[in-house]
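Undergrad: First the structure, then my questions, so here it is.
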Amino acid sequence: MDEPEPTDVVVIGLGPGGEYAAGALAEAGLHVTGVEARLVGGECPYYGCVPSKMMIRAANLIAETRRVPGMAGASSVTPDWAVVARRIREEATDFWNDKMAADRFEGQGGHLVRGHGKITAPGQVTVGTAEGTRVFAARRGIVINSGTEPAIPPIEGLAGTPYWTNRDIVQAEQVPESLIVLGGGAIGAELAQVFARFGASVTVVEALPRLVSFEEPEASDLIERIFMREGITVCTSAPAERVSHNGTRFTVRVGAGALAAERLLIATGRRVDLAAVGVAAVGLDEKARAIATDGRMRAADGVWAIGDVTGKGAFTHMSMYQADIAVRDILGSGGEPADYRAVPRVTFTDPEVGSVGLTEEQARAAGLRVRTGVTQLPYSARGWIHKAGNDGFIKVIEDADRSVLVGATSVGPGGGEVLSALQVAVRAEVPVATLRNMPYAYPTFHRAIEDALRNIGSS
Ligand SMILES: Cc1cc2nc3c(=O)[nH]c(=O)nc-3n(C[C@H](O)[C@H](O)[C@H](O)COP(=O)(O)OP(=O)(O)OC[C@H]3O[C@@H](n4cnc5c(N)ncnc54)[C@H](O)[C@@H]3O)c2cc1C
Numbered sequence: 006m007d008e009p010e011p012t013d014v015v016v017i018g019l020g021p022g023g024e025y026a027a028g029a030l031a032e033a034g035l036h037v038t039g040v041e042a043r044l045v046g047g048e049c050p051y052y053g054c055v056p057s058k059m060m061i062r063a064a065n066l067i068a069e070t071r072r073v074p075g076m077a078g079a080s081s082v083t084p085d086w087a088v089v090a091r092r093i094r095e096e097a098t099d100f101w102n103d104k105m106a107a108d109r110f111e112g113q114g115g116h117l118v119r120g121h122g123k124i125t126a127p128g129q130v131t132v133g134t135a136e137g138t139r140v141f142a143a144r145r146g147i148v149i150n151s152g153t154e155p156a157i158p159p160i161e162g163l164a165g166t167p168y169w170t171n172r173d174i175v176q177a178e179q180v181p182e183s184l185i186v187l188g189g190g191a192i193g194a195e196l197a198q199v200f201a202r203f204g205a206s207v208t209v210v211e212a213l214p215r216l217v218s219f220e221e222p223e224a225s226d227l228i229e230r231i232f233m234r235e236g237i238t239v240c241t242s243a244p245a246e247r248v249s250h251n252g253t254r255f256t257v258r259v260g261a262g263a264l265a266a267e268r269l270l271i272a273t274g275r276r277v278d279l280a281a282v283g284v285a286a287v288g289l290d291e292k293a294r295a296i297a298t299d300g301r302m303r304a305a306d307g308v309w310a311i312g313d314v315t316g317k318g319a320f321t322h323m324s325m326y327q328a329d330i331a332v333r334d335i336l337g338s339g340g341e342p343a344d345y346r347a348v349p350r351v352t353f354t355d356p357e358v359g360s361v362g363l364t365e366e367q368a369r370a371a372g373l374r375v376r377t378g379v380t381q382l383p384y385s386a387r388g389w390i391h392k393a394g395n396d397g398f399i400k401v402i403e404d405a406d407r408s409v410l411v412g413a414t415s416v417g418p419g420g421g422e423v424l425s426a427l428q429v430a431v432r433a434e435v436p437v438a439t440l441r442n443m444p445y446a447y448p449t450f451h452r453a454i455e456d457a458l459r460n461i462g463s464s
């Protein structure tokens, strides 16, 4: 075998965090080898956040237009998916071409190697490229940012059918006449609503008793009611048992019944493949569901892990947050370690579901003396003015012994934006008394936070 090629840092996987870390380390003067098997930038810009949020923006415009009657006159809208598909191809993904991102990384001084990277010994990464195998010896360390793949459940008959994952649906050129979405988590819920608003007959099939089941039950109830109001069929506590495809249509057997549709989207979660990254070579468990890290994102001697593989929240902002910490640690520039008390998450349905910190159930399970406060958005001044499309609520979770918020949920128009104030309150442990004794701009949606705080203990 040829002598390993020396480098300072190998970054395996250039998702949002890996791309940032590799570029920042290169700009700091290190010799950085960025290894990417697919597209520089990862899932978010090409198959995840960006194209899905473009779809959501378009679908929300349709919904807003339909709210005009009774509010501002008459309206009619003729949805045209071709416009959305073109925008995703041309503006978001450049036809799923990462040249701009690759050039940017190399412009920062990084060395891009296209291929699959695997740790083959401490400090050593072997990359299978189109031109052959290359071996790198990393003097400073290895950063793992290998992300996740769509998890395909082992449902009888599913393998071999032309089902869609997120990677297919973002490339859809047409809206199917009917769509079954398997999985009612954030991704499934967002895409179900988009396609229903563009005219598909949509059914969401969720094995658990409620949609967006990681959120407060009130959020699940509201989203389910809105989905049903918009004509989406919601089947909860409904594990799919068998799937078949007859060449044109899917049939999904659920309990005693069967559902049929032109397309089937699998949105049942994500999976990591740590064996493929070779983590056993540095003493880590390749069968684990995530790579455990310390507050500096260190996973083993000379190994850092960031992003979805760490299991701390599969969000682009988490990948970037952890990347920054790893970069500082590798460069020895100090700073705060990771803090996961106030991780925000937003499901971009309409209304948006934003949440931070603990849910009520999690806070109780943690042994806290919990008090909650809830307020309904339609009864707030802004919600009443807004009228059509004003569904939502704010719920705050107080640790009554310390009189600080440990969690909050903000559902409504701009629910993810309203969340920011609640995130600061949770992260900085602002006393509830302080939060209560300040004016909130009238008439904003975030002013409802004041009502939720006032209601603490009354529910
Ligand atoms: C439909 C959808 C919508 C989403 N919407 C949002 C949203 O609105 N907001 C949000 O915060 N998050 C969202 N996410 C999640 C977000 O996309 C991820 O959290 C984000 O991409 C960060 O992931 P990551 O950095 O861990 O890696 P990824 O983005 O998964 O990238 C990992 C990269 O590593 C590469 N790779 C893996 N193994 C190897 C290897 N051995 N060798 C070389 N390369 C390798 C892969 O090819 C990939 O490019 C969404 C996800 C999906 C699927």
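Residue 143 in the working numbering sits at position 138 of the sequence shown, and the numbers go up by one each step. Backbone N, C-alpha and C define an ideal beta-carbon position, used for all residues, glycine too.
For Leu187 and Gly193, I'd like the C-alpha separation in whole angstroms.
TA: One-based indexing of the sequence shown puts residue 187 at position 182. One-based indexing of the sequence shown puts residue 193 at position 188. Roughly 7 angstroms between the two C-alpha positions.
Undergrad: Taking 8 angstroms as the cut-off, decide whether the C-beta atoms of Leu213 and Thr253 are in contact.
TA: Within the sequence shown, residue 213 is the residue found at index 208, counting from 1. Within the sequence shown, residue 253 is the residue found at index 248, counting from 1. For Leu213 and Thr253, no; Cβs fall outside 8 angstroms.
Undergrad: List the whole-angstrom C-beta distance separating Leu30 from Asn150, where the pair is believed to meet the contact cut-off of C-beta under 8 angstroms.
TA: Locating residue 30 in the sequence shown gives position 25, where the first residue counts as 1. Locating residue 150 in the sequence shown gives position 145, where the first residue counts as 1. About 12 angstroms; that fails the 8 angstroms criterion.
Undergrad: Check whether the Cβ of Thr44 lies closer than 7 angstroms to any heavy atom of ligand 1, and answer yes or no.
TA: Within the sequence shown, the letter at position 39 stands for residue 44. Contrary to the premise, residue 44 reads as Leu rather than Thr in this sequence. Yes - ligand 1 has a heavy atom lying nearer than 7 angstroms to the Cβ of Leu44.
Undergrad: From this set, Gly288, Asp85 and Arg407, which residue's C-alpha is nearest Gln179's C-alpha?
TA: Residue 179 sits at position 174 when you count from the first residue of the sequence shown. Cα-wise, what sits closest to Gln179 is Asp85.
Undergrad: Could you give the C-beta distance for Leu184 and Ala205, rounded to a whole number, given that I count them as a contact under 8 angstroms?
TA: The residue given as residue 184 occupies position 179 in the sequence shown. The residue given as residue 205 occupies position 200 in the sequence shown. Indeed they touch by this definition, with Cβ atoms about 5 angstroms apart.
Undergrad: Is the stretch 106-126 touching the stretch 31-48 in the sense that three or more CB pairs, one from each, lie closer than 8 angstroms?
TA: Yes, they touch.
Undergrad: Nearest CA to the CA of Trp101: which residue from Gly112, Gly412 and Arg172?
TA: Here residue 101 corresponds to residue number 96 of the sequence shown, with the count starting at 1. Of the candidates Gly112, Gly412 and Arg172, the one whose C-alpha sits nearest the C-alpha of Trp101 is Arg172.
Undergrad: Return the residue from the list Ala370, Asp456 and Arg350 that minimises the CA-CA distance to Gly378.
TA: As a working mapping, residue 378 is identified with position 373 in the sequence shown. If we check each option's Cα against that of Gly378, Asp456 comes out closest.
Undergrad: What span of residues does the alpha helix (DSSP H) with Trp86 cover, start to end?
TA: Taking the first residue of the sequence shown as position 1, residue 86 is located at position 81. From DSSP, the alpha helix (DSSP H) with Trp86 extends over Trp86 to Arg92.
Undergrad: Is Ala26 closer than 8 angstroms to Val148 when the C-beta atoms are compared?
TA: Within the sequence shown, the letter at position 143 stands for residue 148. Within the sequence shown, the letter at position 21 stands for residue 26. Yes, the Cβ-Cβ distance between Val148 and Ala26 is below 8 angstroms.
Undergrad: From Ala68 to Arg202, what distance separates their C-alpha atoms?
TA: Locating residue 68 in the sequence shown gives position 63, counting from the first residue. Locating residue 202 in the sequence shown gives position 197, counting from the first residue. So the two alpha carbons sit approximately 7 angstroms from each other.
Undergrad: Under 7 angstroms Cβ to Cβ from Lys58, same chain only, skipping five residues before and after it: list those, please.
TA: Along the sequence shown, read from residue 1 onward, the residue named residue 58 stands at position 53. Around Lys58: Phe353.
Undergrad: Check Val186 in the structure and name its three-state DSSP category.
TA: The residue you call residue 186 lines up with position 181 of the sequence shown. Val186: strand per DSSP, three-state reduction.
Undergrad: Where DSSP assigns a beta bridge to Ser415, which residues make up the other side?
TA: Stepping through the sequence shown from its first residue, residue 415 is reached at position 410. Its beta-bridge partners are Gly359 and Ile399.
Undergrad: How is the beta strand (DSSP E) around Arg144 delimited, first residue to last?
TA: Here residue 144 is taken as the residue at index 139 of the sequence shown, counted from 1. Unbroken beta strand (DSSP E) run through Arg144: Gly137 to Ile149.
Undergrad: My output table needs one value for Lys58: the three-state DSSP class, helix, strand or coil.
TA: What you label residue 58 is simply residue 53 of the sequence shown in a count that begins at 1. Three-state DSSP puts Lys58 in a helix.
Undergrad: Could I get the ranges of all uninterrupted beta strand (DSSP E) runs contained in the stretch 176-250, with 3 residues as the minimum, in chain order?
TA: Qualifying beta strand (DSSP E) stretches, in chain order: 183-187, 206-210, 238-240 and 245-250.
Undergrad: Of all the beta strand (DSSP E) runs that stay within the bounds of the stretch 404-462, which reach a length of 3 or more residues?
TA: Segments of the beta strand (DSSP E) lying fully in the stretch 404-462: 409-417.
Undergrad: Cα separation between Gly165 and Gly340?
TA: Taking the sequence shown and counting its residues from 1, one reaches residue 165 at position 160. Taking the sequence shown and counting its residues from 1, one reaches residue 340 at position 335. So the alpha carbons of these two residues sit roughly 49 angstroms apart.
Undergrad: Quick check for students: name the residue ranges of the alpha helix (DSSP H) that lie wholly in the stretch 324-371, counting only runs of 4 or more.
TA: Counting whole runs of 4 or more residues, the stretch 324-371 contains the alpha helix (DSSP H) stretches 365-370.
Undergrad: Quick one: grab the DSSP three-state call for Asp173.
TA: To locate residue 173, count along the sequence shown from 1; it is residue 168. It is helical.
Undergrad: From which residue to which residue does the alpha helix (DSSP H) around Leu270 run?
TA: Counted from its first residue, the sequence shown places residue 270 at position 265. Premise fails: Leu270 lies in the beta strand (DSSP E), Arg268 to Ile271, not in any alpha helix (DSSP H).
Undergrad: In terms of residue numbering, what span does the beta strand (DSSP E) encompassing His121 cover?
TA: By 1-based counting over the sequence shown, the position of residue 121 is 116. Taken as a continuous stretch (DSSP letters only), the beta strand (DSSP E) holding His121 covers His121 to Ala126.
Undergrad: Could you say which of Ser218, Pro349, Thr256 and Asn65 lies nearest to His322 if we only look at CA atoms?
TA: Within the sequence shown, numbered from 1, the residue matching residue 322 stands at position 317. Cα-wise, what sits closest to His322 is Pro349.
Undergrad: Have a look at Gln198 and Ala63 and give me their C-alpha separation to the nearest angstrom.
TA: As a working note, residue 198 is residue 193 in the sequence shown. As a working note, residue 63 is residue 58 in the sequence shown. If you take the alpha carbons of Gln198 and Ala63, they lie about 11 angstroms apart.
Undergrad: With a Cβ-Cβ cutoff of 8 angstroms, do Thr139 and Val14 count as a contact?
TA: Working through the sequence shown from its first residue, we reach residue 139 at position 134. Working through the sequence shown from its first residue, we reach residue 14 at position 9. First, the amino acid is wrong: residue 139 is Arg here, not Thr. Not closer than 8 angstroms, so no.
Undergrad: Report yes if the C-beta distance between Arg82 and Gly162 is below 8 angstroms; otherwise report no.
TA: Translated into the one-based positions of the sequence shown, residue 82 becomes position 77. Translated into the one-based positions of the sequence shown, residue 162 becomes position 157. The identity of residue 82 in the sequence shown is Val, whereas the question assumes Arg. No; because the gap between Cβ atoms is not below 8 angstroms, this pair is not in contact.
Undergrad: Would you kindly check if the distance between the Cβ of Val175 and the Cβ of Ile237 is under 8 angstroms?
TA: Here residue 237 corresponds to residue number 232 of the sequence shown, with the count starting at 1. Here residue 175 corresponds to residue number 170 of the sequence shown, with the count starting at 1. No, Cβ-Cβ distance for Ile237 and Val175 is not below 8 angstroms.
Undergrad: Do Val351 and Gly362 have their C-beta atoms within less than 8 angstroms of each other?
TA: On the sequence shown, position 346 is the one that residue 351 refers to. On the sequence shown, position 357 is the one that residue 362 refers to. Result no, Cβ atoms of Val351 and Gly362 do not sit closer than 8 angstroms.
Undergrad: For the candidate residues Asn395, Gly300 and Leu269, whose alpha-carbon lies nearest to that of Leu227?
TA: Position 222 of the sequence shown, counted from the first residue, corresponds to residue 227. The shortest Cα separation from Leu227 among Asn395, Gly300 and Leu269 belongs to Asn395.
Undergrad: Any heavy atom of ligand 1 closer than 7 angstroms to the beta-carbon of His451?
TA: Position 446 of the sequence shown, counting from 1, holds the residue named residue 451. For ligand 1, not one heavy atom lies less than 7 angstroms from the Cβ of His451.
Undergrad: DSSP on Ile157, reduced to helix/strand/coil?
TA: One-based indexing of the sequence shown puts residue 157 at position 152. If DSSP states are grouped into helix, strand and coil, Ile157 belongs with coil.
Undergrad: Between which two residues does the alpha helix (DSSP H) holding Trp309 run?
TA: For the purposes of this step, residue 309 is taken as the residue at position 304 of the sequence shown. First-last for Trp309: Val308 to Ala310, but that is the beta strand (DSSP E), not the alpha helix (DSSP H).
Undergrad: Give the range of the beta strand (DSSP E) segment to which Glu41 is assigned.
TA: On the sequence shown, residue 41 is found 36 positions in, with the first residue counted as 1. Val37 to Glu41 is the span of the beta strand (DSSP E), which, as asked, contains Glu41.
Undergrad: Quick check: does the Cβ of Ala281 come within less than 7 angstroms of any heavy atom belonging to ligand 1?
TA: On the sequence shown, residue 281 is found 276 positions in, with the first residue counted as 1. Ala281: yes, Cβ under 7 angstroms from ligand 1.
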